[in-house]
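Beneath this line is the structure, given in structure tokens, with notes to follow.
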Amino acid sequence: MPSLSIPSPIGQLTIDELNDAIVAVRWADTPAGNGSPLLAEAARQLAAYFDGRLCEFDLPLAPAGSPFEGRVWSAMQAIPFGETRCYGDLAQVIGSAPRAVGRACGKNPIPIVIPCHRVLAKGGMGGYSGAGGLATKQRLLDLEAGHR
Numbered sequence: 103m104p105s106l107s108i109p110s111p112i113g114q115l116t117i118d119e120l121n122d123a124i125v126a127v128r129w130a131d132t133p134a135g136n137g138s139p140l141l142a143e144a145a146r147q148l149a150a151y152f153d154g155r156l157c158e159f160d161l162p163l164a165p166a167g168s169p170f171e172g173r174v175w176s177a178m179q180a181i182p183f184g185e186t187r188c189y190g191d192l193a194q195v196i197g198s199a200p201r202a203v204g205r206a207c208g209k210n211p212i213p214i215v216i217p218c219h220r221v222l223a224k225g226g227m228g229g230y231s232g233a234g235g236l237a238t239k240q241r242l243l244d245l246e247a248g249h250r
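Be aware that the sequence shown starts at 103, since it is given in our numbering, and climbs by one per residue.
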């Protein structure tokens with residue numbers, strides 16, 4: 103599977119591609135560099151996002167998950183840059199329960215591009231499965247707030 107590692111303000115990220123679509127963005131200490139034109143474009147868009155020059159990603163995505171998780175991830179992609187929603191808000195949109203939405207958020211294989219960091223608990227931050235946990239989630243929210 104082609105992969106490409108890039109530095110970012112939230113740690114080393116590795117982008118994975120399969121069948122001409124992005125399938126994962128993950129935190130990885132071991133650099134990967136057998137990239138492709140799509141991975142180069144994903145790296146360019148992520149760099150522009152971190153620099154505040156990109157508010158919406160335009161990449162072919164193929165996250166592996168259940169149909170329910172796919173509905174949650176699609177609902178997350180509809181949250182505008184710099185805004186947040188609660189797990190309950192997304193649950194209402196897709197006709198589910200907040201805890202199920204939270205579990206799907208935690209299984210998101212393409213964080214940042216599919217912005218699970220924009221989903222909060224009713225009374226606080228909720229969780230974040232990426233490296234650094236809630237500190238990383240807060241950094242992403244602060245980054246977006248600073249570039250609005």
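Every residue gets a Cβ at the ideal spot worked out from N, C-alpha and C, and that includes glycine.
On a predicted model such as this, the values are computed, not experimentally measured, just so you know.
Tell me which residue opens and which closes the beta strand (DSSP E) that residue i is part of.
i, result
"Ile196", "Ile196 -> not in any beta strand (DSSP E); alpha helix (DSSP H) instead, spanning Tyr189 to Ile196."
"Ser110", "Looking at the DSSP string, Ser110 is not in any beta strand (DSSP E), and its letter there is neither H nor E."
Alpha helix (DSSP H) containing residue i: first to last residue?
i, result
"Ser176", "Pro169 to Gln179"
"Val268", "Here the chain has residues from 103 to 250 only, and residue 268 is not among them."
"Asp118", "No alpha helix (DSSP H) contains Asp118, which is instead part of the beta strand (DSSP E) from Leu115 to Leu120."
"Ala144", "Pro139 to Phe152"
"Ala123", "Not the alpha helix (DSSP H): Ala123 falls in the beta strand (DSSP E), residues Ala123 to Trp129."
"Leu236", "Gly235 to Gly248"
Give me the Cβ distance between residue i and residue j, rounded to the nearest whole Å; I'm assuming they're in contact under 8 Å.
i, j, result
"Ala149", "Val125", "Incorrect: roughly 20 Å between the Cβ atoms, too far for contact."
"Val195", "Ala177", "5 Å"
"Ile169", "Asp122", "Per the sequence shown, the amino acid found at residue 169 is Pro instead of Ile. 22 Å between Cβ atoms; not a contact."
"Leu141", "Leu106", "4 Å"
Below 8 Å CB to CB, which residues in the same chain sit around residue i once its five sequence neighbours on both sides are set aside?
i, result
"Lys209", "Gly167, Glu171 and Ser231"
"Leu245", "Pro111, Phe152 and Gly154"
"Leu243", "Thr186, His219 and Arg220"
Pick out whichever of the options has its Cα sitting closest to the Cα of residue i.
i, options, result
"Lys224", "Pro211, Thr116, Val203 and Pro213", "Val203"
"Pro182", "Pro169, Ala130, His249 and Arg128", "His249"
"Ala134", "Leu161, Ala123 and Glu119", "Glu119"
"Ile117", "Pro169, Leu243, Met227 and Ala145", "Ala145"
"Met103", "Gly113, Ala199 and Ser138", "Ser138"
"Pro200", "Ala247, Val174 and Leu242", "Val174"
Which residues in the same chain as residue i place their Cβ atom closer than 6 Å to its Cβ, once the five residues preceding and following it in sequence are excluded?
i, result
"Leu192", "Ala177 and Val203"
"Gly113", "Trp129 and Ala233"
"Phe159", "Gln147 and Val215"
"Ile108", "Leu115 and Ala145"
Going by beta carbon distance, what residues of the same chain come within less than 7 Å of residue i, once the five residues before and after it are set aside?
i, result
"Gly226", "none"
Can at least three beta-carbon pairs, one atom from the segment 209 to 222 and one from the segment 174 to 186, be found at a separation below 8 Å?
yes
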